[in-house]
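Step one of this worksheet: look at the structure below.
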Amino acid sequence: MPRIPLRLAILEADTPVPRANERYHGYLGVFRHLFERAAHPVPLESVVTLTGHDVVHNPASAYPSLDDVDAILISGSKYNSFDNDEWITTLVEYVRKALAHDRVRVIGVCFGHQIVARAMGALVGRSDEGWEVSVTETRLTEKGKELFGGRETLQVQQMHRDKVFSVPAGAELLASTDKCMNHGFIIPKRVITVQGHPEFTEDIMQEILELRHESGLFTDEVYQSGMARNGDHHDGILMAQAFLKFLQEPQ
1 MPRIPLRLAI LEADTPVPRA NERYHGYLGV FRHLFERAAH PVPLESVVTL
51 TGHDVVHNPA SAYPSLDDVD AILISGSKYN SFDNDEWITT LVEYVRKALA
101 HDRVRVIGVC FGHQIVARAM GALVGRSDEG WEVSVTETRL TEKGKELFGG
151 RETLQVQQMH RDKVFSVPAG AELLASTDKC MNHGFIIPKR VITVQGHPEF
201 TEDIMQEILE LRHESGLFTD EVYQSGMARN GDHHDGILMA QAFLKFLQEP
251 Q
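In full-length UniProt numbering, the protein residues as written are 1 to 251.
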């Protein structure tokens with residue numbers, strides 16, 4: 001049986017946008033907010049303890065020993081998962097070691113999903129299909145339906161224009177959209193990833209959309225479409241509950 005509470009290390013591959021960072025104090029706080037809601041009414045600390053690790057600015061000293069954690073979660077990021085900056089290649093190598101560990105489980109979210117896929121030998125890169133932003137319907141595979149209680153689709157906050165071009169060897173695909181075939185994959189009791197952002201609230205998404213529109217990165221069309229869908233229901237808490245179930249499943 002896994003130890004309770006589980007020790008989950010959040011590998012922070014970026015800093016949230018300014019207002020969100022002020023509110024949550026890094027991606028550790030963003031994910032704590034998500035998992036607290038997913039665990040409710042059970043106190044999160046009785047299920048999992050979270051620690052944050054800045055792998056961008058402190059790559060030499062940030063990483064916890066794999067003997068001291070039960071799982072790692074790689075966050076989203078504005079950076080490119082396919083670049084070869086030293087901190088990114090260090091992260092890929094650390095994830096490879098975690099995947100090879102006989103006990104540590106791995107969760108990847110957006111950039112983290114792509115980093116896990118890269119560590120497993122899959123090709124990651126820029127998509128020709130452009131951006132997927134805000135609340136977007138993803139179609140579940142049979143394995144995805146099994147994981148998410150028989151649902152046919154999930155509504156998921158998105159913020160990406162990169163993608164994983166195949167399903168890594170030994171993994172099962174969880175979901176797809178018309179623009180992106182690989183919206184997540186799983187190896188039971190070992191690894192689970194999602195291309196979307198279950199941790200993003202409506203406020204976080206609005207801030208990102210506004211900043212990227214103001215900078216010229218987003219066209220008026222992308223911005224207006226994203227803003228129109230941002231208030232829609234999304235299944236972030238359901239996805240986080242699936243993460244917790246995955247973490248607690250006995251070996």
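Idealized CB from N, CA, C, for every residue including glycine. Note that the structure is predicted; figures quoted are calculated from it, not measured.
I74 places its beta carbon less than 8 Å from that of G112.
Contact between L6 and V48 holds: CB atoms are separated by about 5 Å, below the 8 Å threshold. By the neighbour-count criterion, in which 16 or more other beta carbons inside 10 Å mark a residue as buried, P188 falls on the exposed side.
C-alpha of V167 to C-alpha of A242: approximately 20 Å in a straight line. With respect to the C-alpha of D68, the residue from L8, E22 and K78 having the closest C-alpha is L8. For T51, the secondary structure class from DSSP, reduced to helix, strand or coil, is strand. Between the alpha carbons of K179 and R37 lies a gap of roughly 30 Å.
The region 107–124 makes contact with the region 189–205; the number of CB pairs closer than 8 Å reaches 3 or more. When C-alpha distances from E12 are compared across G121, S77 and H160, the shortest belongs to S77. If you draw a straight line from the Cα of Y24 to the Cα of D14, it is about 13 Å long.
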